[in-house]
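Taking it in order: structure first as structure tokens, then the write-up.
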Amino acid sequence: MFFRRSMLEKLKFSCKKQEQCFESRSTLTYFNRKCKSCRLAQCLRLGMTLGFSHVDISIRDAKNVRFSELIHGLMYRDASRENGFLTSFLFANPDMKAIIENADEEGKKLSMVARNPNDEMTYIAWIFINCVTVVKFLLNLGFMKHLEAQDKLILLRHFYLRATIMIFAFHAMQNKKQGLTTPDGQDVFPDDLLFIPTFTPHRLWRLRAQTVERFAELKVTKEEFVLLLVIFFANPALSSLSKSGVEVLATQHKLYSSALFQYCQLRYQSHAPTRFTDLLSLCHVVNRNFNDLEFMITMFRVFRPDAQVQKLVCNEA
1 MFFRRSMLEK LKFSCKKQEQ CFESRSTLTY FNRKCKSCRL AQCLRLGMTL
51 GFSHVDISIR DAKNVRFSEL IHGLMYRDAS RENGFLTSFL FANPDMKAII
101 ENADEEGKKL SMVARNPNDE MTYIAWIFIN CVTVVKFLLN LGFMKHLEAQ
151 DKLILLRHFY LRATIMIFAF HAMQNKKQGL TTPDGQDVFP DDLLFIPTFT
201 PHRLWRLRAQ TVERFAELKV TKEEFVLLLV IFFANPALSS LSKSGVEVLA
251 TQHKLYSSAL FQYCQLRYQS HAPTRFTDLL SLCHVVNRNF NDLEFMITMF
301 RVFRPDAQVQ KLVCNEA
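The sequence shown begins at 1 in the UniProt record's numbering and counts up one residue at a time.
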């Protein structure tokens, strides 16, 4: 991959536009830009590294080479997702079918645009762009091209809000926040939601904090985070999946679970089995958080039926 090769071979690049290639474009075509100097600089700004967090990985055999490439590939894709989340916006209001169809047509309809960094974002706008960018991230996973459109729809509808919770929680943990927060520091679920009669301060705090607290307790690393996203997503046990879809997902679930366990072995040695189990238990925490979110969305729609909120945010995709 470009970043890994550039760093290992210590390649030097020059920019003809005074390092401004990423500032002058109105549309987000980040990884298609030709300026290698600016591509490398942006990779570094997004926090990409050659190594794993405090882990010295030997790649002397083919198994470790595949393992290294798998995780670095995920980190690369997640850096692209995060860049889109932090710097772009989508003015359309698509449902999940529209996003899947758009991906199949190579992005001809739903083009994301660069956001002016001075523009203020509401917490709902942050939730929306988080939903959009995580769906695009999941659609771009290699195994998705082997799934039928209906299987993609089932998977994404089941998981995209759970993934959104995980992303906000990981961001909050990194910034030492106690609850889910947006990149500019707003509560993802503010006190404004207490207008819902059945929504108590305790329930609101649980919605904000339960996943963040568990992430912080485990001190989840970036590598663990991206692997867990895919492991929880590639769920072959979901009902209504086609037989071929179940087979693809079972293979991918095993592949990424094995990669996570190998990572745990390299980083935690004899404590790897315990760490692996603790990380997988996050699925139950995220599911509880999602159930609280689903209840809040239902009550919000009951008491504010005329509120104009994007389909993805209201779980109507």
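Ideal Cβ placement from N, Cα and C applies to all residues, glycine included.
Status (buried if at least 16 other CB within 10 Å, exposed otherwise) for residue i
i           : result
residue 61  : Here the model assigns residue 61 a pLDDT of 47, short of 50, so the residue's position is not dependable, and the following value carries that caveat. By the 10 Å Cβ count, residue 61 comes out exposed.
residue 16  : exposed
residue 14  : exposed
residue 306 : exposed
residue 279 : buried
residue 133 : buried
residue 205 : exposed
residue 303 : exposed
residue 194 : exposed
residue 28  : Unreliable placement is indicated for residue 28, whose pLDDT of 40 sits below 50; the coordinate value is still reported in the next sentence. Buried, because 16 or more other Cβ atoms sit within 10 Å of the Cβ of residue 28.
residue 253 : buried
residue 107 : At residue 107, the pLDDT of 47 sits below 50, so the modelled position is not reliable and the matter cannot be decided from this model.
residue 152 : buried
residue 292 : buried
residue 136 : buried
residue 83  : buried
residue 198 : exposed
residue 72  : buried
residue 289 : buried
residue 312 : buried
Option nearest residue i by Cα separation, candidates the options
i           : options            : result
residue 129 : 275, 93, 304, 244  : 93
residue 171 : 202, 112, 85       : 85
residue 314 : 64, 243, 160, 144  : 160
residue 220 : 77, 121, 263, 311  : 263
residue 66  : 137, 234, 258      : 258
residue 158 : 21, 287, 248       : 287
residue 142 : 39, 261, 230, 271  : 230
residue 119 : 97, 88, 137        : 88
residue 173 : 151, 211, 294, 163 : 211
residue 162 : 233, 186, 209      : 233
residue 155 : 239, 228, 270      : 239
residue 80  : 112, 276, 91       : 112
Extent of the continuous alpha helix (DSSP H) run through residue i
i           : result
residue 276 : 272-280
residue 208 : 201-218
residue 267 : 243-268
residue 309 : Taken as a continuous stretch (DSSP letters only), residue 309 belongs to no alpha helix (DSSP H), as it is neither H nor E.
residue 177 : Residue 177 -> no alpha helix (DSSP H), and no H or E assigned at all.
residue 224 : 222-233
Whole-Å CB distance - residue i paired with residue j, under 8 Å assumed
i           : j           : result
residue 126 : residue 182 : 4 Å
residue 226 : residue 74  : 4 Å
residue 178 : residue 209 : 6 Å
is_contact[residue i, chain D] using C-beta, thresh 8 Å
i           : result
residue 165 : No chain D is present in this structure, which holds just one protein chain.
Please give the ranges of any beta strand (DSSP E) in the segment 64-149, keeping only runs that are unbroken, at least 3 residues long and fully inside the region.
The qualifying runs do not exist here; there are none.
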